[in-house]
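First up is the structure itself, then whatever we jot down about it.
Protein chains: 2
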Amino acid sequence: MKSFLMLGQSNMAGRGFIDEVPPIYNERIQMLRNGQWQMMTEPINYDRPVSGVSLAGSFADAWCRENQEDTIGLIPCAEGGSSLDDWAIDKVLFKHAISEAKFAMQTSELVGILWHQGESDSFNGNYKVYYEKLLVIIETLRKELNTPDIPLIIGGLPDFLGKEGFGKNCTEYALVNKELEKFAFEQDNCYFVTAVGLTSNPDGIHIDAVSQRKFGLRYFEAFSKKQHILEQLINENELLELSYSRTYTKTEKMYINSMDFALGKISYDEFMAQVMKINND
Amino acid sequence: MKSFLMLGQSNMAGRGFIDEVPPIYNERIQMLRNGQWQMMTEPINYDRPVSGVSLAGSFADAWCRENQEDTIGLIPCAEGGSSLDDWAIDKVLFKHAISEAKFAMQTSELVGILWHQGESDSFNGNYKVYYEKLLVIIETLRKELNTPDIPLIIGGLPDFLGKEGFGKNCTEYALVNKELEKFAFEQDNCYFVTAVGLTSNPDGIHIDAVSQRKFGLRYFEAFSKKQHILEQLINENELLELSYSRTYTKTEKMYINSMDFALGKISYDEFMAQVMKINND
Numbered sequence: 001m002k003s004f005l006m007l008g009q010s011n012m013a014g015r016g017f018i019d020e021v022p023p024i025y026n027e028r029i030q031m032l033r034n035g036q037w038q039m040m041t042e043p044i045n046y047d048r049p050v051s052g053v054s055l056a057g058s059f060a061d062a063w064c065r066e067n068q069e070d071t072i073g074l075i076p077c078a079e080g081g082s083s084l085d086d087w088a089i090d091k092v093l094f095k096h097a098i099s100e101a102k103f104a105m106q107t108s109e110l111v112g113i114l115w116h117q118g119e120s121d122s123f124n125g126n127y128k129v130y131y132e133k134l135l136v137i138i139e140t141l142r143k144e145l146n147t148p149d150i151p152l153i154i155g156g157l158p159d160f161l162g163k164e165g166f167g168k169n170c171t172e173y174a175l176v177n178k179e180l181e182k183f184a185f186e187q188d189n190c191y192f193v194t195a196v197g198l199t200s201n202p203d204g205i206h207i208d209a210v211s212q213r214k215f216g217l218r219y220f221e222a223f224s225k226k227q228h229i230l231e232q233l234i235n236e237n238e239l240l241e242l243s244y245s246r247t248y249t250k251t252e253k254m255y256i257n258s259m260d261f262a263l264g265k266i267s268y269d270e271f272m273a274q275v276m277k278i279n280n281d
Numbered sequence: 001m002k003s004f005l006m007l008g009q010s011n012m013a014g015r016g017f018i019d020e021v022p023p024i025y026n027e028r029i030q031m032l033r034n035g036q037w038q039m040m041t042e043p044i045n046y047d048r049p050v051s052g053v054s055l056a057g058s059f060a061d062a063w064c065r066e067n068q069e070d071t072i073g074l075i076p077c078a079e080g081g082s083s084l085d086d087w088a089i090d091k092v093l094f095k096h097a098i099s100e101a102k103f104a105m106q107t108s109e110l111v112g113i114l115w116h117q118g119e120s121d122s123f124n125g126n127y128k129v130y131y132e133k134l135l136v137i138i139e140t141l142r143k144e145l146n147t148p149d150i151p152l153i154i155g156g157l158p159d160f161l162g163k164e165g166f167g168k169n170c171t172e173y174a175l176v177n178k179e180l181e182k183f184a185f186e187q188d189n190c191y192f193v194t195a196v197g198l199t200s201n202p203d204g205i206h207i208d209a210v211s212q213r214k215f216g217l218r219y220f221e222a223f224s225k226k227q228h229i230l231e232q233l234i235n236e237n238e239l240l241e242l243s244y245s246r247t248y249t250k251t252e253k254m255y256i257n258s259m260d261f262a263l264g265k266i267s268y269d270e271f272m273a274q275v276m277k278i279n280n281d
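Chains Y and A supply the protein sequences, listed in that same order. Heads up, the first sequence is in the UniProt record's numbering, so the first residue is 1 and it goes up one at a time. Heads up, the second sequence is in the UniProt record's numbering, so the first residue is 1 and it goes up one at a time.
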């Protein structure tokens, strides 16, 4: 299994509304819970009760299309509202992420780090020290995980920031963006992913579900091609359609029906009828 | 802050349907996420997408009524479907729980362990070796956390098991119950909590939300009085009414409104009007 570490703040954790996009179920996508793997469902990174769709879902599904014989594991460590200082190497978020990654690495090969952070540093001139602080974090992370050349995918901050709702205070987001891009351009094995064209929830700070799906595709394109993604992909909608239109496997059908039964959405008789049907298909 | 470790399988994690009981918001109840504390909302122990109300919510709220000047922290480590063997001291669940507890103990005093497990061992004669296996787990846990005398609260398995749905296979639940009770009676600082009278979700295995609330009160009674609870409390409904009828603090009102705004349930103008109102109250 190949695994990816999810680091950053709320737009990495994911706040897209679950019911605004078709779900992704794929038995080859796993996520870490209690130090071990289970099949992925969204929200993957449950840092808050408002957690929802993140970029990791479509990222992982795109990865699966390119790696038909392997399994992907997602290690959710993003924390809503966290500033870059909250990720300093002597702080809990960093140490906990290292700890989670090490649990994951007992049964997987860590092959990538997904980073999205900066909203909480888009004021007070924080952008001036962003680069040097991020450098210490990433260098220490690679060292402690013994993955010196691991690719780091860095997403940009979206252009809806600085305008309304909870996003209004992010007045310096464009300056942080420049630092993120510069970092990815200058550092080895770092790739920048543009947030151009992404849209927000009504709160003005969180990337909406549809845009998270597109962002995940761009992250995967950067990882797969080992290059910066500076424009939106021309085929984002078609790629998402591939995710949504895939026929579920037996395991995935069982998973979905078991969940529906556990949630009281179908009766035991309906559930058993479904199980019979799945087994006979 | 005083903290409690939540261990076991799905009925410790909680599967009560969220909308079947009034919510509990209390700024003096914290939960661990990413190694650090945040205000509690349910589900506390998000091990599965079907996670819901657990016994920990009403447990913590009852604790707060008796400890007006202190804060309680919940450390969610329960894993749905886990057998006692999955909790063996060389397995990931045990090691991850130790790791989470140690993060929590950097900023809190661990004062209790909440245990509920046994459904996944209620067949195949597993009850015959339950006691000795649990003993190794608890002795090692107390030793590794350096809390030799920490109280362990052990809940019983409910009488709806062994009958229908996902609970049908738990044919030996009563025999496991005897072992759980014997363990609590014989071991130091262990207290048994009866599940008598608790009712289930339609799936026949998971304690429903109302019963989880009651179970939490019993767990707290056992912890507070340092005694076994072998019958339901006579005032369970009144105690729950105390939780539900408490007036929210400013912080709690802000938390709820911020969540509603983030979820798109209220507009920015409505949110700001609420903020004004809360600040003027």
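Using N, Cα and C, we set each Cβ at its ideal position, and we do this for glycine too. Note that the structure is predicted; figures quoted are calculated from it, not measured.
- Taking a Cβ-Cβ threshold of 9 Å, the residues of chain Y close to M259 (chain A) are R48, P49, V50, in chain order.
- Q106 (chain Y) and E100 (chain Y) have their C-alpha atoms roughly 10 Å apart.
- Per DSSP, the unbroken alpha helix (DSSP H) holding I98 (chain Y) starts and ends at 92-105.
- Distance from L55 (chain Y) to Y219 (chain Y) at the Cβ level is roughly 6 Å; contact confirmed, criterion being Cβ atoms closer than 8 Å.
- Checking the DSSP bridge columns, you'll see L110 (chain A) partnered with A:S3.
- Annotation for Q68 (chain A): no alpha helix (DSSP H) segment contains it, and DSSP assigns it neither H nor E.
- No Cβ-Cβ contact shorter than 8 Å links S122 (chain A) with P158 (chain A).
- Excluding residues up to 5 positions away in sequence, K2, S3, F4, I150, P151 lie with their Cβ nearer than 8 Å to the Cβ of V111 (chain Y) in the same chain.
- For S258 (chain Y) and Y268 (chain Y), the gap between their C-alpha atoms comes out near 10 Å.
- Shown here, Y46 (chain Y) sits in coil according to DSSP, grouped into three states, outside any helix or strand.
- With fewer than 16 other Cβ atoms from the protein chains shown falling within 10 Å of its own Cβ, V196 (chain Y) counts as exposed.
- Within chain A, the residues placing a beta-carbon under 8 Å from that of G264 (chain Y) are F17, N201, P202, D203, ordered along the chain.
- Distance check between D90 (chain Y) and each of Y:C190, Y:L141, Y:H116, Y:Y191 places Y:L141 closest, using alpha-carbon atoms only.
- Cβ contact annotation for F166 (chain Y) (same chain, cutoff 7 Å, sequence separation greater than five): D203, G204, I205, in chain order.
- Bounds of any alpha helix (DSSP H) do not take in M31 (chain A); it lies within the beta strand (DSSP E) bounded by 29-33.
- Nearest in C-alpha terms to I98 (chain A), of all of A:D188, A:E139, A:T194, is A:E139.
- The C-alpha of H96 (chain A) lies about 19 Å from the C-alpha of E79 (chain Y).
- Of the candidates A:I24, A:I137, A:L7, the residue whose Cα lies closest to the Cα of Y248 (chain A) is A:I24.
- Contact annotation for G165 (chain Y) against chain A: Y268 [CB-CB distance below 7 Å, chain order].
- In this structure, G118 (chain Y) places its C-beta atom within 8 Å of the C-beta atom of V176 (chain Y).
- Within the same chain, no residue comes within 6 Å of D19 (chain Y) by CB-CB distance, once the 5 residues on both sides are set aside.
- Listed along chain Y are G35, F103, each with a C-beta nearer than 9 Å to that of K95 (chain A).
- Per DSSP, L240 (chain Y) has no beta-bridge partner at all.
- Following the DSSP letters along the chain, one finds F192 (chain A) in no alpha helix (DSSP H) but inside the beta strand (DSSP E) bounded by residues 190-193.
- Using a Cβ-Cβ cut-off of 8 Å, V92 (chain Y) is close to N34, G35, Q36, F103, Q106 of chain A, given in chain order.
- Counting C-beta pairs with one atom in each stretch, the segment 225-241 of chain A and the segment 37-47 of chain A have fewer than three that are closer than 8 Å, which means they do not touch.
- Beta-bridge annotation (DSSP): V53 (chain A) is paired with A:G16.
- In chain order, N34 make up the part of chain Y whose C-beta sits under 8 Å from the C-beta of C77 (chain A).
- M31 (chain Y) and S224 (chain Y) have their alpha carbons spaced roughly 20 Å apart.
- Membership of I137 (chain A) in any beta strand (DSSP E) is not indicated; the residue belongs instead to the alpha helix (DSSP H) covering 127-144.
- Taking 8 Å as the cut-off, the beta carbon of Y131 (chain A) is found closer than this to the beta carbon of F183 (chain A).
- Between I137 (chain A) and A222 (chain A), the alpha-carbon positions lie close to 21 Å from each other.
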